[in-house]
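The structure appears right after this line, and notes come after that.
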Amino acid sequence: EVDFTRYEVNSFVSNNPNDGAPVIRETNPIYYNLVGKVEYESRQGNLYTDFRRITPGAMHKANGGFLLLEAEELLRQFMSWDALKRVLRCRELFIENLGEQLGYIPVSSLRPEPIPIDMKVVVVGTPYLYYLLNIYDPEFQKIFKIKADFDTDMPRTQESEMQLAQFIAGFVEHEGKLNFTVTAVAEVIEWSSRLVENQNKLCTQFNKIAEILVEATAWAKVDGKRQVGLAHVRKALEEKTFRSNLLEDKIRESYSEGVIKIDTKGSVVGQINGLTVAQLVDHSFGSPVRITANVYMGQEGVVNIEREVNMTGPIHNKGLLILSSYLGRKYAQDFPLSMTARIAFEQTYGGVEGDSASSTELYCMLSALSGIPLKQSIAVTGSVDQFGNIQPIGGVNEKIEGFFSYCKVFGLTGEQGVMIPHQNEQHLMLSHEVLDAVRKGKFHIWSVKTIDEGIEILTDVKAGTPDAKGEYKPDTMHAKVKTCLEAWIERTFRHKKKMQDKVDPPKDKKKSKGKKKSNKFEETDQ
Numbered sequence: 072e073v074d075f076t077r078y079e080v081n082s083f084v085s086n087n088p089n090d091g092a093p094v095i096r097e098t099n100p101i102y103y104n105l106v107g108k109v110e111y112e113s114r115q116g117n118l119y120t121d122f123r124r125i126t127p128g129a130m131h132k133a134n135g136g137f138l139l140l141e142a143e144e145l146l147r148q149f150m151s152w153d154a155l156k157r158v159l160r161c162r163e164l165f166i167e168n169l170g171e172q173l174g175y176i177p178v179s180s181l182r183p184e185p186i187p188i189d190m191k192v193v194v195v196g197t198p199y200l201y202y203l204l205n206i207y208d209p210e211f212q213k214i215f216k217i218k219a220d221f222d223t224d225m226p227r228t229q230e231s232e233m234q235l236a237q238f239i240a241g242f243v244e245h246e247g248k249l250n251f252t253v254t255a256v257a258e259v260i261e262w263s264s265r266l267v268e269n270q271n272k273l274c275t276q277f278n279k280i281a282e283i284l285v286e287a288t289a290w291a292k293v294d295g296k297r298q299v300g301l302a303h304v305r306k307a308l309e310e311k312t313f314r315s316n317l318l319e320d321k322i323r324e325s326y327s328e329g330v331i332k333i334d335t336k337g338s339v340v341g342q343i344n345g346l347t348v349a350q351l352v353d354h355s356f357g358s359p360v361r362i363t364a365n366v367y368m369g370q371e372g373v374v375n376i377e378r379e380v381n382m383t384g385p386i387h388n389k390g391l392l393i394l395s396s397y398l399g400r401k402y403a404q405d406f407p408l409s410m411t412a413r414i415a416f417e418q419t420y421g422g423v424e425g426d427s428a429s430s431t432e433l434y435c436m437l438s439a440l441s442g443i444p445l446k447q448s449i450a451v452t453g454s455v456d457q458f459g460n461i462q463p464i465g466g467v468n469e470k471i472e473g474f475f476s477y478c479k480v481f482g483l484t485g486e487q488g489v490m491i492p493h494q495n496e497q498h499l500m501l502s503h504e505v506l507d508a509v510r511k512g513k514f515h516i517w518s519v520k521t522i523d524e525g526i527e528i529l530t531d532v533k534a535g536t537p538d539a540k541g542e543y544k545p546d547t548m549h550a551k552v553k554t555c556l557e558a559w560i561e562r563t564f565r566h567k568k569k570m571q572d573k574v575d576p577p578k579d580k581k582k583s584k585g586k587k588k589s590n591k592f593e594e595t596d597q
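Last residue of the sequence shown? That's 597 in the working numbering, and every number before it is there in order.
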């Protein structure tokens with residue numbers, strides 16, 4: 072019988088010329104899936120092969136087109152990264168067994184001729200991997216010369232809102248989910264802005280949006296509805312938060328039981344409510360923290376107790392040094408600044424980082440110096456510069472909602488609220504519960520531009536504006552602070568003179584007077 076197998080055709084790669092350039096995405100970029108291989112057949116314990124068993128790899132299929140790879144998957148596979156670089160560098164693709172690459176005993180096999188390769192390779196990965204490859208692989212920049220960053224947000228316009236609505240409609244059609252009502256789509260769009268904490272932007276991380284669409288559909292089916300409504304989207308968002316907020320619930324429980332002390336009524340000198348944000352892997356939440364300040368005569372300056380025990384980071388320490396600079400510029404132009412102020416975040420047992428509480432610390436210290444009490448019903452967040460200008464911070468929504476939750480436990484009085492930097496107004500994407508309380512006047516949000524504006528909100532006392540001589544009106548906050556510091560420096564000089572006199576008693580008046588006149592005469596002579 073005649074064997075005609077040698078005359079058969081092995082259709083290696085077939086592309087329809089009318090379909091355009093091939094676009095190949097390889098999700099499992101092992102060595103053989105990229106470069107191809109020669110397969111073997113076992114016959115009675117022996118391995119056989121022929122030209123019909125030469126199979127293509129992803130680079131053969133993408134020849135003349137585009138190859139899409141995921142960087143993390145590519146780097147995890149043995150020899151795949153080196154094989155890809157070699158092909159892109161030499162513009163030729165050899166099909167050879169991996170054993171020959173590793174220097175094992177060569178096996179007699181087919182050796183197809185190298186195929187010229189002309190393709191574009193797109194590797195998708197994180198910025199972290201990109202910078203690592205730049206540092207540790209000298210060939211990376213030579214081979215991959217074009218970098219494209221993908222942003223996680225986009226401007227919120229009427230057009231982009233329509234595009235997001237179209238994405239929702241397309242997802243529903245593709246996945247076979249229930250249709251969304253207009254109000255449900257609007258709620259998803261609002262939540263998209265919440266993800267990026269900006270009223271003027273929308274999130275482009277569509278995988279997160281898709282998760283909510285799937286869960287909202289499930290809740291609609293539980294209710295036996297044919298459409299996904301507003302209530303189902305809100306239910307999905309609430310349940311998503313509930314699955315991740317165990318730590319938040321435990322901390323709130325500590326507040327409600329009185330384990331962690333926070334005052335939300337009355338006024339106290341040298342005490343203020345600050346706001347912190349805890350960032351977990353899949354959830355972030357805000358909570359209030361009591362900040363206190365004690366001031367007294369001395370020369371240590373502003374001291375943070377957490378910093379003394381190495382519980383603060385460099386950014387927080389920088390904010391603390393800015394406070395000293397502000398005090399010197401504001402009050403110590405005519406006399407040296409001599410004081411000691413100790414600031415503490417009460418009942419915090421972890422690290423403290425960030426400068427978002429620097430303005431809060433400054434208000435607390437000014438209250439302690441002036442003796443003017445601060446309203447405990449107002450929590451404060453915001454960074455400050457050396458000139459007293461308030462600067463924006465992160466996590467503004469979590470901070471406001473965290474203080475609101477605490478106030479709600481003990482009852483809203485209509486006086487409680489949060490003071491934020493004015494630049495953070497555009498970042499407000501608050502929960503519906505907080506918005507309803509604000510509309511009804513049960514909770515308030517103030518935005519300020521300067522320390523002076525914040526002083527007047529927290530104390531109902533004028534901050535004070537200096538006249539031509541640099542003096543303030545007597546009943547203002549700055550006047551009281553300056554008076555305190557002046558009194559301390561005078562008492563400090565008197566105390567130093569008194570101690571010096573004890574060590575070196577003054578001589579009799581006649582000799583001292585004569586010596587004094589002689590010194591004056593000598594100085595005039597000179």
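The C-beta atom is built at its ideal place from N, Cα and C for all residues, glycine as well.
Residue of the options minimising C-alpha distance to residue i
| i | options | result |
| --- | --- | --- |
| LEU155 | ARG182, VAL106 and ALA92 | VAL106 |
| CYS274 | VAL193, SER231 and SER395 | SER231 |
| LEU308 | HIS354, ALA92, ASN104 and LYS544 | HIS354 |
| ASP224 | TYR202, ASN269, GLN212 and GLY425 | ASN269 |
| TYR397 | THR521, ARG160, GLU542 and PHE251 | THR521 |
| LEU437 | PHE149, LEU200, MET410 and VAL348 | MET410 |
| VAL451 | ILE471, PHE458 and LEU204 | ILE471 |
| LYS389 | LEU408, TRP559 and VAL423 | VAL423 |
Beta-carbon contacts of residue i that lie in its chain and below 7 Å, excluding the five residues immediately before and after
| i | result |
| --- | --- |
| ALA534 | ASP523, ILE526, GLU527, THR547, MET548 and HIS549 |
| VAL256 | ALA236 and ILE239 |
| SER82 | none |
| VAL339 | PRO444, LEU445 and GLN447 |
| GLU319 | PHE356 |
| LYS513 | LEU483 and GLY485 |
| GLY442 | VAL340 and LYS551 |
For residue i, three-class secondary structure by DSSP
| i | result |
| --- | --- |
| PHE165 | coil |
| HIS598 | Coverage of the chain is limited to positions 72 through 597, which leaves residue 598 absent and any answer about it impossible. |
| SER231 | helix |
| ALA394 | For the sequence presented, residue 394 should be read as Leu rather than Ala. Here LEU394 sits in helix by DSSP. |
| GLN571 | helix |
| LEU181 | coil |
| VAL73 | coil |
| ASN205 | helix |
| VAL194 | strand |
| GLN237 | helix |
| PHE277 | helix |
| PHE137 | strand |
| PHE272 | The sequence as given places Lys at residue 272; Phe does not occur at that position. Residue state, collapsed to three classes: strand. |
| VAL267 | coil |
| GLN212 | helix |
Backbone CA spacing between residue i and residue j [nearest angstrom]
| i | j | result |
| --- | --- | --- |
| GLU79 | ALA291 | 58 Å |
| ILE393 | THR554 | 22 Å |
| ILE331 | VAL489 | 19 Å |
| GLY337 | TYR477 | 16 Å |
| ALA403 | ASP572 | 27 Å |
| THR76 | ARG147 | 39 Å |
| SER427 | LYS108 | 59 Å |
| GLU210 | GLU143 | 18 Å |
| ARG227 | LYS132 | 40 Å |
| GLU377 | GLN342 | 16 Å |
| THR126 | GLY247 | 37 Å |
| CYS435 | LYS446 | 11 Å |
| THR530 | GLY453 | 17 Å |
| GLY295 | GLU469 | 34 Å |
| ASN87 | ARG182 | 28 Å |
| PRO537 | LYS544 | 8 Å |
| VAL293 | PHE475 | 32 Å |
| THR252 | LEU301 | 7 Å |
| PRO385 | ILE101 | 44 Å |
| ARG265 | GLN229 | 17 Å |
Neighbourhood of residue i by C-beta distance below 6 Å, restricted to the same chain and skipping five residues each side
| i | result |
| --- | --- |
| GLY186 | The sequence given here has Ile at residue 186, not Gly. Once the five neighbours on either side are set aside, the close Cβ partners of ILE186 are LEU164. |
| GLN418 | ILE331 |
| SER395 | GLY372 and VAL373 |
| VAL299 | LEU249, PHE251, ALA255, ALA287, THR288 and ALA291 |
| GLN50 | Beyond the ends of the chain as shown, which are 72 and 597, falls residue 50; an answer cannot be given. |
| ASN590 | Note that ASN590 has pLDDT 44, beneath the 50 cutoff, so the model's placement of it is unreliable and the number below is only indicative. Cβ within range, chain order: n/a, list empty. |
Cβ shell of residue i (< 8 Å), same chain only, five flanking positions each side left out
| i | result |
| --- | --- |
| ALA281 | PHE242 |
| MET190 | MET130, ALA133, ASN134, GLY135, GLY136, PHE137 and LEU138 |
Note to self: Quick check for students: name the residue ranges of the beta strand (DSSP E) that lie wholly in the region 403 to 464, counting only runs of 3 or more.
What the structure shows: Inside the region 403 to 464, DSSP marks whole beta strand (DSSP E) runs of 3 or more residues at positions 411 to 416 and 449 to 451, from first to last along the chain.
Notebook entry, point to check: Fully enclosed by the region 80 to 128, which beta strand (DSSP E) runs are 3 residues long or longer?
Noted result: For the region 80 to 128, the full-length beta strand (DSSP E) segments reaching 3 residues or more read 94 to 96, 112 to 114 and 117 to 119 along the chain.
Item checked: 4 or more residues per run - each alpha helix (DSSP H) lying fully within the region 311 to 390 -> You should have 317 to 327 and 376 to 379.
Next item on the list: For the region 481 to 536, list the alpha helix (DSSP H) runs that are entirely contained and at least 4 residues long, ordered along the chain.
Entry: As far as the region 481 to 536 is concerned, its whole alpha helix (DSSP H) runs of at least 4 residues are 503 to 510 and 522 to 530.
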